[in-house]
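Heads up: the structure comes next, in structure tokens.
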Amino acid sequence: MADPLNDTFNAAIKNKNTRWEQALSLLQINSIFGTLAGDNADFLNDIQQAFNHIELHGVTATIHRLSSKG
């Protein structure tokens, strides 16, 4: 059975034209759950890991991962 929340966020991200627009969408989603911690290198690493996690596990699992990150 499809996950409507996952489908909604996937559609929002896929409708963006560039990876930067996709990253900004992820940042807007992440702002709901708190900010990504660390300096710029850690921040960029978190973004890369989030994209990889979305590709492997979907948006809902990625949001859960980001929201539980301390």
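Residue numbers for the sequence shown follow the numbering used here, beginning at 4 and rising by one. Quick reminder that beta carbons are idealized off the backbone N, C-alpha and C, glycines included. These numbers were taken from a predicted model, which means no experiment stands behind them.
Sequence-distant residues of its chain with Cβ nearer than 6 Å to residue i (five each side left out)
i	result
Leu29	Ala53
Nonlocal neighbours in the same chain, by C-beta distance under 7 Å from residue i, ignoring five residues either side
i	result
Ala26	Ile50
Residue range of the alpha helix (DSSP H) that includes residue i
i	result
Thr21	Neither: Thr21 is in no alpha helix (DSSP H) and is coded neither H nor E.
Rounded separation between residue i and residue j - CA only
i	j	result
Gln31	Ile57	15 Å
His67	Gly61	10 Å
Thr65	Glu24	17 Å
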